[in-house]
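Heads up: the protein sequence lines correspond to chains D and A, in order.
My numbering numbers the first residue of the first sequence as 1 and each following residue consecutively.
My numbering numbers the first residue of the second sequence as 402 and each following residue consecutively.
Even glycine gets a Cβ: it sits at the ideal position worked out from N, Cα and C.
Note that the structure is a prediction, hence the values are computed from the model and not measured.
2 protein chains.
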Amino acid sequence: MLLVHKYGGTSVGSLERIENVASRVAKAKDAGNDLVIVVSAMSGETNKLIEYAEYFTKTPSKREMDILLSSGERVTASLLSIALQSKGYDAIAMTGRQAGIITDDLHTYARIESINTQPMQDALKEGKIVIVAGFQGINKNGCVTTLGRGGSDLSAVAIAGALKADACEIYSDVDGIYTTDPRIEPKAKKIDMISYDEMLEMASMGAKVLQNRSVELAKKLDIKLYAKSSFSEGEGTLITKENNIMEQVLVSGVVLDKNQARVTLRNVSDKPGIAAEIFTKLAQENINVDMIIQNVGIDGSTNLGFTVPQSDLENAKRVIEGLEHDIGGMDFDKNICKVSVVGVGMKSHAGVAAKAFSTLAASNINIEMISTSEIKVSMAISAKYGELAVRLLHEAYGLDA
Amino acid sequence: MLLVHKYGGTSVGSLERIENVASRVAKAKDAGNDLVIVVSAMSGETNKLIEYAEYFTKTPSKREMDILLSSGERVTASLLSIALQSKGYDAIAMTGRQAGIITDDLHTYARIESINTQPMQDALKEGKIVIVAGFQGINKNGCVTTLGRGGSDLSAVAIAGALKADACEIYSDVDGIYTTDPRIEPKAKKIDMISYDEMLEMASMGAKVLQNRSVELAKKLDIKLYAKSSFSEGEGTLITKENNIMEQVLVSGVVLDKNQARVTLRNVSDKPGIAAEIFTKLAQENINVDMIIQNVGIDGSTNLGFTVPQSDLENAKRVIEGLEHDIGGMDFDKNICKVSVVGVGMKSHAGVAAKAFSTLAASNINIEMISTSEIKVSMAISAKYGELAVRLLHEAYGLDA
């Protein structure tokens, strides 16, 4: 089999851990696989380099940042290659450029446009284990670019797609995706299989195991994606397309997102185009608006409520204060959280949402906002009830069984 | 003027020091100069990365080492560019590849074959300060290569040559070349001007301010080379061709090299080709043989003496023990040092060597070996007399005047 492995910062966080990764890779090679290994920078390195740059200015040039930040993954890639060679394995380290990764011009948040797989294929044909520095590529002018936070996941998935690999295994310090955060609900169970869409809903809401863009790309390219631990054995969680999952469960998981703030705009003119203008302006500032609720208008005006990440709240205030339209007033509430129930089974089963509402009601937890999609129900509630709500819902849907 | 500056590891050894370098560069820009700045890795970084690699094996692949080691200079180059930009200067960081530096295939000790100056010239034309990651390039296959220890000096001189710069200024933590090591003789004086050849003799014998290959290249390309301090003002030392130095002094400096060991081979067959075989074998092992003395043969055999760096001594023993010819025996003496008097004036003045011998004789210092070139006299003496001999010779040639 041709496998792409990706090892995150914690998995390569020390020389001992790089040695451990080398042993795991060696074992996979001994089992007869062809291997491309994508690595992140050693944990802490990228943050250290960002701090270095911020010593000089809070707004360093993105072009220079990419030269700076791309150095961390090069260190890990060459060290892992050296570690494998010292064990007698034929390995070759490649920078993003050497691995043929071409991106657009968007420095620090570039998108992969194409991969010239020839160098990797040549090395694989010679029986070599290919080690690729993740998170980086070059643009058409030959400038170094990076792919944004978690970009090594993206490198791995894109390479798996370009090489038509049999699977892409993402290694971190957790052994898979859980029905909910085990720190909140110790009865949480590891999920064996989950669909791309469920994973996207869970990741965007706080399950930080896989970078969202990489799950999207895996879905687009139809790549079997595994979330595994580099510190233990075990099958991890397979993220795949819905059709591959034989026994579809009703609900896959419950997710808590505490990084939300609610914004309420009072007495907004109830005319066409006003909501559009507000949300366009927020989008232009890269503010990620999530739940949106508009009450039916009374007397030509309406209340408009939505949630934004807490870190974007100050920015959102600024945008709204700059609007030309009359708005009666603004309220902000950082004291909320969002609890979501995710499951592809919802598509074909009625009553999933109703069960969530009644479960919270039975414990006198007031639901302030609701938003739903085909495969999830999200509820904004008072922050203090977050963990309790997770445990109640986890039990209600039989996830601890 | 178009100037190339090079800042060494100590000069960029911390964020504060990078800020200091940015201020100096800004001042040179304000004075109306066009500037290309070549930087080393922050001091300690390269050694740290070597230690990382040696955790896995004492003989890491040189190709992988080049990817590993080249990361340090990229960090400094991007940080210095960010520091200059934060002061309002238009700067652009370039990796060795982006600066167009093409080398041969000799990983970890590559030679620069050509420089495509277009990217640097374009940036200079736009008024930008060009910051180049030193010590690195790529070979014709696009693999990262490095230029060996002190290779950033070489990058700077080669760039100065390719751009036809008016001068190349090498900044370190010392303010120039001295008549001898001031830690041995406090009366040592900074030299204002020195010829390339004298600098080569002094550098190869222990004055570690400028990398030797870079002085050779500056001589070949006829580049005015300055050794200056990044921690103080001052003109430093100009290294230039002999003709440019109006008032030629008899002796420029006295150098002590304590890293020498003497090897004596007793009763070597006095036949043609034997010495050649011995020294060829040593050269093949990259052992740098320095002073060689062969006594007149008696009874068809002879004694052969030479010095090697102490770090090569074990290697040299191994080579000699592997020789097929009969050698009566080997002696080794690590307890020696080499004192050298350097000066282009020797070419036209007799008696310089004689003065050295009589100076040491007057203090009862026994000279064990002698070797001379057109512009230097070297003497091997007992290690314990090294510092004393330097002070006696420094005074005898009037260098403290």
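Note that the segment 626–645 of chain A does not touch the segment 673–688 of chain A; fewer than 3 beta-carbon pairs, one per stretch, sit closer than 8 Å.
Valine 652(A) and valine 740(A) do not touch by the CB rule: their CB atoms are close to 13 Å apart, not below 8 Å.
For glycine 414(A) and alanine 478(A), the gap between their C-alpha atoms comes out near 12 Å. Counting only runs that start and end inside the segment 42–88 of chain D, the alpha helix (DSSP H) elements of at least 4 residues fall at 45–56, 62–69, 71–86. Within chain A, the residues Ile468, Leu469, Ser471, Ser472, Arg475, Val545 have their CB atoms less than 9 Å from the CB of arginine 74(D), given in chain order. At a cut-off of 8 Å, the C-beta of tyrosine 52(D) has a neighbouring C-beta in chain A. By the Cβ neighbour-count rule, glycine 100(D) is buried, with 16 or more other Cβ atoms within 10 Å of its own.
In this chain, serine 424(A) is not harboured by any beta strand (DSSP E); it is covered by the alpha helix (DSSP H) spanning 416–431. Contact between the segment 139–154 of chain D and the segment 189–199 of chain D is absent: fewer than three C-beta pairs spanning the two stretches fall below 8 Å.
None of the residues of the segment 692–712 of chain A has a beta carbon lying less than 8 Å from any beta carbon of chain D. Distance from the CA atom of lysine 488(A) to the CA atom of isoleucine 67(D), rounded to whole angstroms, is 20 Å. Within 10 angstroms of the beta-carbon of asparagine 704(A) lie 16 or more other beta-carbons, which makes it buried.
Remark: C-beta atoms of isoleucine 530(A) and aspartate 567(A) do not approach each other more closely than 8 Å. The criterion of a C-beta distance shorter than 8 Å is satisfied by glycine 305(D) and threonine 264(D). Among the CB atoms of chain A, one or more fall inside 8 Å of the CB of proline 60(D). A Cβ-Cβ separation of about 13 Å leaves isoleucine 539(A) out of contact with valine 533(A) under the 8 Å criterion. By the C-beta density criterion, glutamine 118(D) is exposed, having fewer than 16 other C-beta atoms within 10 angstroms. Per the coordinates, the alpha-carbon of valine 209(D) lies some 46 Å from the alpha-carbon of arginine 425(A). For phenylalanine 357(D), the uninterrupted alpha helix (DSSP H) segment begins and ends at 352–362.
With distances taken between CA atoms, methionine 1(D) lies nearest to Ala31(D) out of Gly142(D), Ser348(D), Ala31(D). The beta carbons of isoleucine 191(D) and tyrosine 178(D) sit closer together than 8 Å.
In the DSSP assignment, glutamine 284(D) falls within the unbroken alpha helix (DSSP H) covering 274–284. Counting only runs of at least 3 residues, the segment 573–653 of chain A fully encloses the following beta strand (DSSP E) elements, listed from N- to C-terminal order: 594–596, 626–630, 638–641. In the three-state scheme derived from DSSP, where H, G and I count as helix and E and B as strand, glutamate 514(A) is classed as strand. The residues Leu238, Ile245, in chain order, have a CB closer than 6 Å to that of methionine 193(D) in the same chain once the five nearest residues on each side in sequence are set aside. Out of Thr708(A), Glu634(A), His750(A), the CA that lies nearest to the CA of lysine 428(A) is found in Glu634(A). Taken atom to atom, the span from the alpha-carbon of leucine 221(D) to that of arginine 213(D) is near 12 Å. Under the 8 Å criterion on CB atoms, serine 78(D) is classed as interfacial with respect to chain A. For a Cβ distance threshold of 9 Å, residue set Phe457, Thr458, Pro461, Ser462, Glu465 of chain A lies close to glutamine 85(D), ordered along the chain. Taking 8 Å as the cut-off, the Cβ atoms of tyrosine 7(D) and serine 43(D) do not count as close. About 36 Å separates the Cβ atoms of valine 778(A) and isoleucine 560(A), ruling out a contact at the 8 Å cut-off. The Cβ atoms of phenylalanine 56(D) and isoleucine 483(A) lie closer than 8 Å to each other. Under DSSP, isoleucine 367(D) forms a beta bridge with Ile381(D). Annotation for isoleucine 539(A): the continuous beta strand (DSSP E) segment containing it runs 537–539.
Taking a 10 Å sphere around the C-beta of lysine 459(A), we find fewer than 16 other C-beta atoms and assign the residue as exposed.
Within a 10 Å sphere around the beta-carbon of arginine 550(A) sit fewer than 16 other beta-carbons, which makes this residue exposed.
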